[in-house]
Amino acid sequence: MTDTESTPESTPESNEASAPTAVAVLTHIVRSIVDDPEAVVVDSSINRGKVRLEVRVGPGDLGRVIGRRGRTAQSIRTVVRAAATRDDVEVDVDFAD
Amino acid sequence: MEWVETTGKTIAEAKERALDQLGVHEEDAEFELLDEPKQGLFGRVRGEARVRARVRPTQARQKVDRRDRRREKGDRAEKAESTPKTDKVERTERASRPAATTSQRATGERQRAPRPPRSDSPAPKKNTNPSADGQSKEQLVDARQVGEEAQRFMNALVSAFGLAGTSELVEDGDDLEVRVHGAELGLLVGPRGTTLQAVQDLARVASQRRLGDHDTRLRVDVGGYRERRRGALGKFAVQMADEVKESGVARVLEPMSSADRKIIHDTLSTTEGIATRSEGDDPFRRVVIAPAND
Numbered sequence: 001m002t003d004t005e006s007t008p009e010s011t012p013e014s015n016e017a018s019a020p021t022a023v024a025v026l027t028h029i030v031r032s033i034v035d036d037p038e039a040v041v042v043d044s045s046i047n048r049g050k051v052r053l054e055v056r057v058g059p060g061d062l063g064r065v066i067g068r069r070g071r072t073a074q075s076i077r078t079v080v081r082a083a084a085t086r087d088d089v090e091v092d093v094d095f096a097d
Numbered sequence: 001m002e003w004v005e006t007t008g009k010t011i012a013e014a015k016e017r018a019l020d021q022l023g024v025h026e027e028d029a030e031f032e033l034l035d036e037p038k039q040g041l042f043g044r045v046r047g048e049a050r051v052r053a054r055v056r057p058t059q060a061r062q063k064v065d066r067r068d069r070r071r072e073k074g075d076r077a078e079k080a081e082s083t084p085k086t087d088k089v090e091r092t093e094r095a096s097r098p099a100a101t102t103s104q105r106a107t108g109e110r111q112r113a114p115r116p117p118r119s120d121s122p123a124p125k126k127n128t129n130p131s132a133d134g135q136s137k138e139q140l141v142d143a144r145q146v147g148e149e150a151q152r153f154m155n156a157l158v159s160a161f162g163l164a165g166t167s168e169l170v171e172d173g174d175d176l177e178v179r180v181h182g183a184e185l186g187l188l189v190g191p192r193g194t195t196l197q198a199v200q201d202l203a204r205v206a207s208q209r210r211l212g213d214h215d216t217r218l219r220v221d222v223g224g225y226r227e228r229r230r231g232a233l234g235k236f237a238v239q240m241a242d243e244v245k246e247s248g249v250a251r252v253l254e255p256m257s258s259a260d261r262k263i264i265h266d267t268l269s270t271t272e273g274i275a276t277r278s279e280g281d282d283p284f285r286r287v288v289i290a291p292a293n294d
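Protein sequence lines correspond, in order, to chains A and B. Per the UniProt record's numbering, residue 1 is the first one in the first sequence, and the count goes up by one each step. Per the UniProt record's numbering, residue 1 is the first one in the second sequence, and the count goes up by one each step.
As structure tokens, then:
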């Protein structure tokens, strides 16, 4: 746990979110459940020492990704968080269309 | 609504307090044991005895009604989760489903509500009214196709994790199981199988839902976890059932996933003298083991 305030975002690697496993897993899952896999984009950024992964999907696919009562979204978060332990980071996953 | 929940150092003390609250004699109350005053299996860490109690309904017949009502409530809750608008249609369809299918599905589900096998696949394939479930994908999907899609999903997931594993597809009619074998797959199972449950959900979305399939039952196992879990849970269920038979007091188990609840129901489905049911809403839905004449 490093003090995030003393490591500003301008240091070379801090802006480059490094959670390759989490990103690979997230991308695979979302592409596997949407109608338009080509439209899936995953962006990562660092936010207070956590990696924030933002998924954008094609129009109409957000419902599929979120699922009833957010159940699919919750499952995605669970699995992606597990994957992120291989990257030694904590991740947050957000969805948008 | 009329249930009260109390705790005490011993079961007797907890019962005493419940009776005080209800203001009735012990013989006019009915109890369910929520927790024993000791550490137990499967995460029961409460030090205190916890019971819930209520005034015993006067007639046996009412109890049957009540249980049905509870089932219906559960049923409705699950519908709300799916597509409320199609409620009526689904009900009719289920009623008109061929008897063979119904009895086949009912096997091993004694005491459970006659609901569709999985809450997220309510419409049978032999849908006479294609627009009823609001989906246009009504082509017949071959079970093998669903299984292979799920297997592909799992293989790619394992490699995305940077892990090594091999998978096999076990087919038994509409029952499909993708088993992933490998040495270090614990990450895909997670604490108490929570990650595996999520993985299975996603495999279902990626195969069944994407292909518009409503008939198959898909399960995913990783590193033999479910197999081992089934064994341990089965033993636990039998032990709890014995206690219920001996004491005549129903037991409410910890909240469990649907897969785990099914193991309990299935294990005890042929046990004489007790009946099982589930109550509450996920993720806190729990199995109740009750004396059969309760």
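For each residue, glycine too, the CB sits at the ideal point set by N, CA and C.
Asked: Neighbour-count burial assignment, B/Val244, 16 or more Cβ in a 10 Å radius; Found: buried
Asked: Strand pairing of B/His181, partner residues [DSSP]; Found: B/Thr166
Asked: Span separating the alpha-carbon of B/Ala275 from that of B/Arg229; Found: 22 Å
Asked: Within-8 Å CB hit, residue 136 of chain A to chain B; Found: Not covered by the structure: residue 136 of chain A. The range shown for chain A is 1 to 97.
Asked: 8 Å Cβ cutoff, A/Val79 in contact with chain B; Found: yes
Asked: For B/Val158 and B/Arg204, the rounded distance between their alpha carbons; Found: 16 Å
Asked: Reduced DSSP category for B/Arg228 - H, G, I as helix; E, B as strand; rest coil; Found: helix
Asked: Proximity test, Cβ basis, 8 Å: B/Gly190 and chain A; Found: yes
Asked: The alpha helix (DSSP H) enclosing B/Glu148, as first and last residue numbers; Found: Ala143 to Ala160
Asked: Identified DSSP bridge partners for B/Arg209; Found: None, per the DSSP bridge assignment.
Asked: A/Ile33 at chain B interface by Cβ criterion, 8 Å; Found: yes
Asked: Any C-beta of chain A under 8 Å from that of B/Phe284; Found: no
Asked: B/Thr166 versus B/Glu272 - alpha carbon distance; Found: 41 Å
Asked: Backbone CA spacing between A/Leu62 and B/Ser207 [nearest angstrom]; Found: 17 Å
Asked: 8 Å Cβ cutoff, B/Gly162 in contact with chain E; Found: The chain inventory of the structure shown lacks chain E, comprising the protein chains A and B.
Asked: B/Ala290 at chain A interface by Cβ criterion, 8 Å; Found: no
Asked: Within 7 Å of chain A by C-beta, residues of the region 208–225 of chain B in sequence order; Found: Arg210
Asked: CA-to-CA distance, B/Asp35 to B/Val288, given in whole angstroms; Found: 12 Å
Asked: Distance, B/Ala14 Cα to B/Val178 Cα; Found: 46 Å
Asked: Near-chain A residues of the region 150–161 of chain B (beta-carbon distance less than 8 Å), N- to C-terminal order; Found: Phe153, Ala156, Leu157, Ala160 and Phe161
Asked: Reduced DSSP category for B/Asp65 - H, G, I as helix; E, B as strand; rest coil; Found: Bear in mind that a pLDDT of 46 at B/Asp65, under 50, signals an unreliable position, so the model cannot answer this.
Asked: Touching by the beta-carbon criterion (3+ pairs, under 8 Å), the region 30–38 of chain A and the region 46–60 of chain A; Found: yes
Asked: Alpha carbon of B/Ile11 to alpha carbon of B/Gly23, nearest angstrom; Found: 18 Å
Asked: Per-residue burial, B/Phe284 [other beta carbons within 10 Å of its own, 16 or more giving buried]; Found: exposed
Asked: Sub-8 Å separation of B/Leu202 and A/Ile76 beta-carbons; Found: yes
Asked: Start and end residues, beta strand (DSSP E) containing B/Arg286; Found: Arg286 to Pro291
Asked: Buried or exposed (CB count within 10 angstroms, at least 16 for buried), B/Gln197; Found: buried
Asked: Close Cβ partners of B/Gln62 (< 6 Å) along its chain, the five nearest in sequence each way excluded; Found: Confidence at B/Gln62 is low in this model, with a pLDDT of 42, below 50, so the placement of that residue should be treated as unreliable; the coordinate-derived value is given next. Hits under 6 Å: none found.
Asked: Residue from A/Ile29, A/Ala83 and A/Ala19 whose Cα sits closest to the Cα of A/Ile66; Found: A/Ile29
Asked: One or two residues paired with B/Glu245 in a DSSP bridge; Found: A small correction: the amino acid at residue 245 of chain B is Lys; Glu does not occupy that position in the sequence shown. DSSP lists no partner for B/Lys245.
Asked: Per-residue contacts from A/Ala84 into chain B (C-beta, under 9 Å); Found: Those within 9 Å of A/Ala84 in chain B number zero; the least Cβ separation is about 10 Å.
Asked: Cβ of B/Asp201 within 8 Å of any chain A Cβ; Found: yes
Asked: Beta-carbon neighbours of A/Val25, restricted to chain B and to distances below 8 Å; Found: Leu157, Ala160 and Phe161
Asked: Local Cβ density within 10 Å of B/Gln239, reported as buried at 16 or more and exposed below that; Found: exposed
Asked: Status (buried if at least 16 other CB within 10 Å, exposed otherwise) for B/Arg251; Found: buried
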